Amino acid sequence: MSTARPLDGRVDEPLLEVDDLRTYFDTPRGVVKAVDGVSLRVDRGKTLGIVGESGSGKTVLSRSIMNLLPKNNTIREGSVRFEGRELTTMKNKEMRTIWGAELAMILQDPMTSLNPVTKIGEQITESLGIHLGEKGKTARAHAVELLKSVGIPAAERRLGEYPHQLSGGMRQRVTIAIALACGPKLLVADEPTTALDVTVQRQILDLLESQQHQRNMGLIIITHDLGVVAGRADEIAVMYAGRIVERAPTKELFARNRHPYTEGLLRSIPRLHQPSHTRLQAIPGRPPELIDPPAGCRFAPRCNYAQDKCLTETPLLAPHAAGHEAACHFPVGTTAGQEALERNLAAGRTAAGTPLDSTLIATAGAA
Amino acid sequence: MYVLRRLPSLLATLFAVSLLTFLMTSLLPGDPALQILGAENATPEAIAEVRAELGLDDPLPVRYLAWIGDALTGDFGRSYRTSEPVAEAIIDRLPVTAEVGILAIIIALLVAIPVGMLSAYRAGTRTDKIISSTSFGLLAVPNFMVAIFLILIFSVTLGILPATGWVNFTDDPVQNLRSALLPALSLAIAEMAVYTRLLRTDMIATLQQDFVTMARVKGVSNRRILFRHALRPSSFSLMTVAGVQVGAIIGGSVVIETLFALPGVGRLLLDSVVQRDLLMVQGVALVIAVSYVVVNFTVDILYSYLDPRISHGRSAARV
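Protein chains in written order, with my numbering: chain A, 2 to 368; chain B, 4 to 322.
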């Protein structure tokens, strides 16, 4: 079931290649299929955005790629190759030479991802000591340099401070400095701006982008907000219920999205040109339980386009344009999709039994 | 500074403690004068004379002020029974109790910290289950039972440690340690079970924190994560309870001191209560209460070392 194919036809070895990765958790209530056959690829210096709502499995995917999940009660299949090295079978001892040195991560909440009882300087110099053997003054000087590079004023003074003495944005800058300390080749940023003020979000994203360019580093940004990755990612993968449902270069995705879920995500972004008080189009319902998910398309119960076929046959990722794939039987913007939507509008409900609010669909169609 | 800010509340607590100690002993039933004179000599005139001499007929506030005033200068009065100065009696007994108690807590911590960490690190595995059930078992055994078992094993069967008695440290340090070891172990067993449970619970919570994940992603070894990253943030409950225990131990364990025939504070208190030796009870109770308060104050100060957010004010600088 290998579905990993080079997106733009290049054949050089990718920085990260994830092939049909599955990550299941064995729980008392049943097997949770959190990641169910995901394939991805990130090239050096490129940015991949992984977008999905809470519960779509994107955080588990990131932990699974990073090899951070506990071994017991976790079933993991497929492969994760980092510069050709297989990570899924690697022991923790071996991983420790890669973690921090070549593969780094920043987490959502900078309040909790820094140790509250350790000075910032010590938290930065720790990995410098482990991977580069730097100690004492050398490590300190390097830490100051790192803090300056992520835009922290009065860097020397900050070394002696504790995380709670910094603002949220400053703290996230510190975690970025820690992640970048040993010059990683790939940085995984899991919701890097979700816990921050809107004005600070932009600064942090700009910082990530500039650091990436300087270091020719691969970057994976995981987010629930398409707006975060809109102008920054080279490619976007949309995740739903443990699977990638659409993948395309960023411009292509915004111009010609094919999957109804992606369409829903795009519509739920507020637009400046819309008049005030325009109702935002939320996607009805919530993501399915990942224990024994139903047959067919997992999005069908929430989809305006759902037909009988969607309830029985699982759609696979199929190419639509260069580097553009979507997993849908009745893709948006195709005649098949348009006919499916019209059938459902005429019936007032979808094949999955979800009622359709024709006025909302109509206005959205007009806009 | 943090310590200075806490000082007024410490002084207020100490005042309240001394007042309560005084009032409680004054409310004890039985007339000390009768106890001093003995039943056959207790004519009403003699009783009145003794009461006047001891100041027992003065109003309570006057008696409190006289007592606390003297106590502040280190004079707790004299025992009604033996005329021995109360302060001297306490100073004689305190080192015995303190040594056994502190030894007990050190033993308990030395065992509980590594075992609790191991239990948390291997949470849910067989190792963890064995540690957990063992500590529940130890908790359920009363310390006098533990003491009797220890005496049976180490004194009766193996004959390597004395079952009773006390040797002063200044007389013979080695014999002193030998005489302190069994009582300390008897007290330590239940303590270590409690500490292991506490540390395990807090540690499991800490290990799920993002900053532990961050440390792993930095390539930090498991051992270093446990000791350098997770231990300090996990030791609050442990510190609190160990602090309270230090206070309790200064009060002495009446049962253990009696079993091992130790000349400690606990036994002094028990004897004095039985004999209505009012000033002695008051003095011992005050010393115990003050130690409690001071130890817990020290623990409070140690918190700010464990968590720098405390001394800087928790609410400050959030996002």
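For each residue, glycine too, the CB sits at the ideal point set by N, CA and C.
Predicted, not measured: the structure shown is a model, and the values here were computed from it.
Counting only the Cα atoms, B:G267 lies some 20 Å from B:T24.
Comparing C-alpha distances from A:G31 to each of A:G349, A:Q308, A:I121, A:I292 shows the shortest one belongs to A:I292.
The C-alpha of A:N258 is placed about 6 Å away from the C-alpha of A:E264. The DSSP-derived three-state label of A:D37 is strand. Annotation for A:M240: no alpha helix (DSSP H) segment contains it, though the beta strand (DSSP E) segment containing it runs 236-241. Unbroken alpha helix (DSSP H) runs of no fewer than 4 residues, entirely contained in the region 37-69 of chain A, are found at 59-67, following chain order.
In the displayed model, A:R257 falls within coil according to three-state DSSP, outside both helix and strand. The three-state reading of DSSP puts A:S80 in strand, counting E and B together. Buried is the label assigned to A:P316, since at least 16 other Cβ atoms lie within 10 Å of its Cβ. The Cβ of B:R235 sits closer than 7 Å to at least one Cβ of chain A. When Cβ-Cβ separations below 7 Å define contact, A:M106 makes contact with chain B. Counting only the Cα atoms, A:R45 lies some 30 Å from A:G122. Around A:D21, no beta-carbon contact reaches into chain B at under 8 Å, the shortest distance being about 24 Å. Between B:L190 and B:A107, the C-beta spacing is below 7 Å.
Under a criterion of Cβ atoms nearer than 7 Å, the residues of chain A adjacent to B:S224 are, in order, R97. In this structure, the CA atom of B:A193 is about 11 Å from the CA atom of B:R200. Per DSSP, A:D27 is not a residue of any alpha helix (DSSP H); the beta strand (DSSP E) it occupies stretches across 17-28. A:H321 sits in a strand when the DSSP states are folded into three classes. For A:T355, the three-state secondary structure derived from DSSP is coil.
Within its own chain, no residue has a Cβ closer than 6 Å to the Cβ of B:I109 once the five positions on either side in sequence are excluded.
The DSSP-derived three-state label of B:P47 is helix.
Counting along the chain, no beta strand (DSSP E) covers A:E162, and no H or E run does either.
Secondary structure note for A:T224: its beta strand (DSSP E) is the uninterrupted segment 219-224. DSSP places A:M91 outside both helix and strand once states are collapsed to three, so it counts as coil. Looking at the DSSP output, A:V189 sits in a beta bridge with A:M106, A:I221. Uninterrupted alpha helix (DSSP H) stretches at least 4 residues long and entirely within the region 284-346 of chain A occur at 309-313, given in chain order. Under the 10 Å beta carbon count, B:L7 is surrounded by fewer than 16 other beta carbons and is classified as exposed. For A:T119, the secondary structure class from DSSP, reduced to helix, strand or coil, is coil.
A:R42 and A:L104 have their C-alpha atoms some 15 Å from each other.
In chain order, I110, L153 place their CB closer than 7 Å to the CB of B:L188, counting only its own chain and leaving out the 5 sequence neighbours on each side. Closest in C-alpha terms to B:A264, from the list B:H232, B:K221, B:W169, comes B:W169. For the region 200-221 of chain B, the residues whose beta carbon sits under 7 Å from a beta carbon of chain A are, in order, Q212, D213, F214, T216, M217, R219, V220, K221.
Here A:I270 carries a coil assignment [DSSP, helix/strand/coil]. Within chain B, the residues placing a beta-carbon under 8 Å from that of A:M67 are V220, ordered along the chain. Distance between B:D310 and A:E87, taken at the CA atoms: about 40 Å. For the C-beta of B:D303, not a single chain A residue is nearer than 9 Å; the gap to the nearest is close to 16 Å.
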